[in-house]
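Numbering (my numbering), first residue to last: 4 to 192.
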């Protein structure tokens with residue numbers, strides 16, 4: 004942050020700590036105790052940049068991830084123009100999944116595309132079989148639960164309950180207005 008930024012009251016958002024993703028396996032255990040089941044799938048969401056430089060980085064990340072047995076990678080776009088790279092581990096290994104998601108995020112950051120990252124998700128199902136996601140907000144460095152309940156509704160009570168379950172495991176976003184509704188996210192629709 005520069006001198007004029009401090010005088011004008013501007014602040015720079017904190018750098019995201021990608022290593023905090025490695026706390027997700029503990030949060031997954033806490034969620035499992037409460038009846039949630041990890042699907043072995045997670046995604047990285049990012050905004051496309053001009054040119055094909057980010058495509059080359061994503062292709063390298065895909066090659067790296069699919070070189071380990073049982074991992075698959077798919078790309079998709081949502082209706083808002085964001086790109087999703089989804090990693091699925093056949094064995095449902097949350098630790099391995101988090102390592103793969105960390106590799107994708109790190110590859111994009113190292114190539115200069117950090118500002119294009121929106122979030123990463125790890126998907127679960129509830130005891131009732133509904134989709135549920137633990138979402139990492141890249142720019143905030145925090146997590147929040149997302150429980151879609153239909154096409155454009157959320158199960159807020161379940162989200163608040165899950166916040167209490169994972170609060171000791173991962174840094175949870177305190178500002179509820181930043182708990183984005185990520186409609187159409189892979190595995191959460």
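Beta carbons are placed, not taken as given, at the ideal position from N, Cα and C, and that holds for glycine.
Cβ neighbour criterion (16 or more within 10 Å) applied to residue 82: Taking the chain shown and counting its residues from 1, the one referred to as residue 82 is at position 79. Residue 82 comes out exposed.
Those residues which DSSP pairs with residue 151 across a bridge: Here residue 151 refers to the residue found at position 148 of the chain shown. BP columns for residue 151 point to 157.
Own chain, CB closer than 6 Å to residue 94, minus 5 neighbours either side, in chain order: Taking the chain shown and counting its residues from 1, one reaches residue 94 at position 91. 73.
Bridge partner(s) assigned by DSSP for residue 72: In the chain shown, the residue the question calls residue 72 occupies position 69. BP columns for residue 72 are empty, so no partner.
Own chain residues within Cβ distance below 8 Å of residue 20, not counting five before or after: By one-based count along the chain shown, residue 20 stands at place 17. For residue 20, where only same-chain residues beyond five positions count, the Cβ hits under 8 Å are 144.
Top-ranked residue by Cα proximity to residue 104, from 125, 118, 117, 119: Sequence index remark: in the chain shown, residue 104 carries index 101 (1-based). Selected option, being the one with the closest Cα: 125.
Distance CB(residue 175)-CB(residue 147) smaller than 8 Å: To locate residue 175, count along the chain shown from 1; it is residue 172. To locate residue 147, count along the chain shown from 1; it is residue 144. Result yes, Cβ atoms of residue 175 and residue 147 sit closer than 8 Å.
Backbone secondary structure at residue 92 - three-state DSSP: Walking along the chain shown from the start, residue 92 turns up at place 89. The answer is strand: DSSP assigns residue 92 an E or B state.
Residue closest to residue 47, alpha-carbon to alpha-carbon, out of 150, 157, 137: Here the question's residue 47 lines up with position 44 in the chain shown. Looking at the Cα atoms, 137 is the closest of the given residues.
According to DSSP, residues forming a beta bridge with residue 85: By one-based count along the chain shown, residue 85 stands at place 82. 50.
Alpha-carbon spacing of residue 77 relative to residue 90, whole angstroms: Your numbering for residue 77 matches position 74 in the chain shown. Your numbering for residue 90 matches position 87 in the chain shown. Roughly 7 Å between the two C-alpha positions.
The stretch 103 to 118 in contact with the stretch 31 to 39 per 3-pair CB rule at 8 Å: no
Cβ neighbours of residue 162 in the same chain (closer than 6 Å, five flanking residues each side left out): Locating residue 162 in the chain shown gives position 159, counting from the first residue. Answer for residue 162: 148, 150, listed in chain order.
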